[in-house]
Amino acid sequence: MGTRLDMSTAYHSETDGQSKRTIQTLEDMLRACVIDFGNGWERHLPLFEFSYNNSYHASIKATLFEALYGRKCRSLRKLNSRYIGPFKVLAKVGIVAYRLKLPKQLSRVHSTFYMSNLKKCLSDEPLAISLDEVHIDDTLRFVKEPVEVMDHEVKRLKQSCIPIIKVLWNSRRGLEFTWEREDQFRKKYPQLFTANAPSTNAAS
Numbered sequence: 001m002g003t004r005l006d007m008s009t010a011y012h013s014e015t016d017g018q019s020k021r022t023i024q025t026l027e028d029m030l031r032a033c034v035i036d037f038g039n040g041w042e043r044h045l046p047l048f049e050f051s052y053n054n055s056y057h058a059s060i061k062a063t064l065f066e067a068l069y070g071r072k073c074r075s076l077r078k079l080n081s082r083y084i085g086p087f088k089v090l091a092k093v094g095i096v097a098y099r100l101k102l103p104k105q106l107s108r109v110h111s112t113f114y115m116s117n118l119k120k121c122l123s124d125e126p127l128a129i130s131l132d133e134v135h136i137d138d139t140l141r142f143v144k145e146p147v148e149v150m151d152h153e154v155k156r157l158k159q160s161c162i163p164i165i166k167v168l169w170n171s172r173r174g175l176e177f178t179w180e181r182e183d184q185f186r187k188k189y190p191q192l193f194t195a196n197a198p199s200t201n202a203a204s
């Protein structure tokens, strides 16, 4: 960014362009985090911290993680599976494409794929990903759904008590937990509530 380091004194750090640039970068990242995640942005601060510490810093010519530990951070390259299937090959189309036999759930998807988007199916059954694990709606968008009720509490207000539950979601960003009103969730997702539900705890 063309910054240079100048000597500054305590309480007068205006000449330090590097500090100003760092603060501006952090503000931009936090703003993007709030816009993307909305009211639950603070739950994603560890991801924000990881992203910043794992990004290249020109001033030290390395990432902060490398500077601290002397090695690169071993992070997962892909969080979601890239392939689903297997599907039967119906025909070869031209030189570089194949037509597949897709199930009814994927009837809105075009059945012809380029070779670069396909992978040879292995005979090992556990490697195949069931379509039941992929939650998409009619517009072929990922559907965020609750998986399990993890905990129950009662939020006590001045004149009322509100039962709330901790819900595990199958978010595309990974595991996600939120606290929701129990009465609203019972109406919308009755299948999540069974006779073996955990006992209610009081919280202030």
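In the UniProt record's numbering, the protein residues as written are 1 to 204.
Ideal Cβ placement from N, Cα and C applies to all residues, glycine included.
Cβ neighbour criterion (16 or more within 10 Å) applied to E42 = With fewer than 16 other CB atoms across the displayed protein chains lying within 10 angstroms of its CB, E42 is exposed.
Any contact of the stretch 39–54 with the stretch 64–71, i.e. 3+ C-beta pairs under 8 angstroms?
-> Counting C-beta pairs closer than 8 angstroms gives three or more between the stretch 39–54 and the stretch 64–71, which meets the contact rule.
Would you list the residues sitting across from A91 in a DSSP beta bridge?
-> Beta-bridge partners assigned by DSSP to A91: R99.
Please name the residue or residues paired with T178 in a DSSP beta bridge.
-> Answer by DSSP bridge pairing, in chain order: V167.
With 16 as the cutoff for other CB atoms within 10 Å, does K149 come out buried or exposed?
-> The sequence as given places Val at residue 149; Lys does not occur at that position. Result: buried.
If E180 sits next to V167, beta carbons under 8 angstroms apart, how far is it from one beta carbon to the other, in whole angstroms?
-> A Cβ-Cβ distance of about 5 angstroms is found for the pair E180 and V167, placing them in contact under the 8 angstroms criterion.
Look at the Cβ atom of K101, then the Cβ atom of K92, and state whether they are nearer than 7 angstroms.
-> Not closer than 7 angstroms, so no.
Please say whether K155 and I162 have beta carbons closer to each other than 7 angstroms?
-> The criterion of a C-beta distance shorter than 7 angstroms is satisfied by I162 and K155.
By the 10 Å Cβ neighbour count, where 16 or more other Cβ atoms means buried, how is E182 classified, buried or exposed?
-> Answer is buried; the Cβ neighbour count reaches 16.
Start-to-end residues for the beta strand (DSSP E) that takes in Y114 | Y114: member of the beta strand (DSSP E) spanning 112–114, first to last residue.
How close, in whole Å, do the beta carbons of W169 and K188 come, if the pair is a contact with beta carbons under 8 angstroms?
-> About 13 angstroms separates the two Cβ atoms, so there is no contact after all.
C-beta atoms of K119 and Y83 nearer than 7 angstroms | Cβ atoms of K119 and Y83: closer than 7 angstroms.
The ligand COA heavy atom lying under 6 angstroms from the CB of C121 | The ligand COA is absent from the structure shown, which contains no ligand whatsoever.
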